[in-house]
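In our numbering, the protein residues as written are 1229 to 1475.
Ideal Cβ positions, reconstructed from N, Cα and C, are used throughout, including at glycine.
Predicted model, so just to flag it, every value in this text is computed and none were measured.
One structure is given below, encoded as structure tokens.
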């Protein structure tokens, strides 16, 4: 796959660059460039990111960072079995537990919420940092909802992190998930309160909490193009009325 001229491979994280030092220099550069493309495209063009991840995987399948990138790209394309296999491979190579919540969410994607819940109660969760533990809580709540256990999902999300007034990188998503679970359980008033709290914490627009809040408040957004067409039509009617008056 073509690599844009502005991609040098130097853009990757220093830890990944260090991993690639085990490869011949030219090969390391090629792998690095493909990893850069995965990171660049994964949000806006996940299919393209997946293509570059497969190239990197073909070139250096024994590098943990490559297996992890391939897992993220597969996950972004809802290829959950493939993503799970890559995350497991990366974990075997590194011995870390950082990917545990994503692995559990892959189990959800494969229709195995019970397995995801088992993972949520595993010893590995205690080794996660705070962000990882919050992510695991989100996955567990999602698994409860998959199983139709709405009240249990709500309880799962109730935590010191949810109650905290400080805003952390995970705060908006946690509040959003709680609001969504409340709404699914028919508790609309409480859901509105928590969607509002999610909006307050969502400084980078990572959720559509503002849209969900507006929807609950009965606010409708008119597309700008439709609005323009409506104004044109109204103007035409006025013009026609004017013609009639002249006659």
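If residue 1372 sits next to residue 1380, beta carbons under 8 Å apart, how far is it from one beta carbon to the other, in whole angstroms?
-> Locating residue 1372 in the chain shown gives position 144, counting from the first residue. Locating residue 1380 in the chain shown gives position 152, counting from the first residue. That pair is a contact at about 4 Å.
Roughly how many angstroms lie between the CA atoms of residue 1453 and residue 1415, to the nearest whole one?
-> As a working note, residue 1453 is residue 225 in the chain shown. As a working note, residue 1415 is residue 187 in the chain shown. Confidence at residue 1453 is low in this model, with a pLDDT of 49, below 50, so its placement is unreliable and no value can be given for it.
If you pair each beta-carbon of the stretch 1310–1321 with each one of the stretch 1340–1347, do three or more pairs fall below 8 Å?
-> no
Could you pull out every residue in the same chain whose Cβ sits closer than 7 Å to the Cβ of residue 1411, ignoring the five residues on either side in sequence?
-> In the chain shown, residue 1411 corresponds to position 183, counting from 1. Taken in chain order, the residues that qualify are 1419.
What is the residue span of the alpha helix (DSSP H) that residue 1281 lies within?
-> In the chain shown, residue 1281 corresponds to position 53, counting from 1. Counting along the chain, the alpha helix (DSSP H) containing residue 1281 begins and ends at 1274–1287.
Run through the stretch 1351–1390 for me and flag every whole alpha helix (DSSP H) of 4 or more residues, listed as ranges in chain order.
-> 1358–1374, 1378–1385
Where residue 1353 and residue 1323 are concerned, what is the direct C-alpha to C-alpha distance, given to the nearest angstrom?
-> Working through the chain shown from its first residue, we reach residue 1353 at position 125. Working through the chain shown from its first residue, we reach residue 1323 at position 95. So the alpha carbons of these two residues sit roughly 14 Å apart.
Locate the alpha helix (DSSP H) running through residue 1337, then write down its first and last residues.
-> Translated into positions along the chain shown, residue 1337 becomes position 109. Its alpha helix (DSSP H) spans residues 1328–1337.
Would you say residue 1335 touches the ligand PLP, meaning its beta carbon is less than 7 Å from a heavy atom?
-> You won't find the ligand PLP in this model; it holds no ligand whatsoever.
What is the rounded straight-line gap between the Cα of residue 1239 and the Cα of residue 1445?
-> What you label residue 1239 is simply residue 11 of the chain shown in a count that begins at 1. What you label residue 1445 is simply residue 217 of the chain shown in a count that begins at 1. Going from the Cα of residue 1239 to the Cα of residue 1445 covers about 44 Å.
At least 3 beta-carbon pairs within less than 8 Å: the stretch 1332–1343 vs the stretch 1300–1312 = yes
Reduced DSSP secondary structure (H/G/I, E/B, other) of residue 1291 = Here residue 1291 is taken as the residue at index 63 of the chain shown, counted from 1. Three-state DSSP puts residue 1291 in coil, outside helix and strand.
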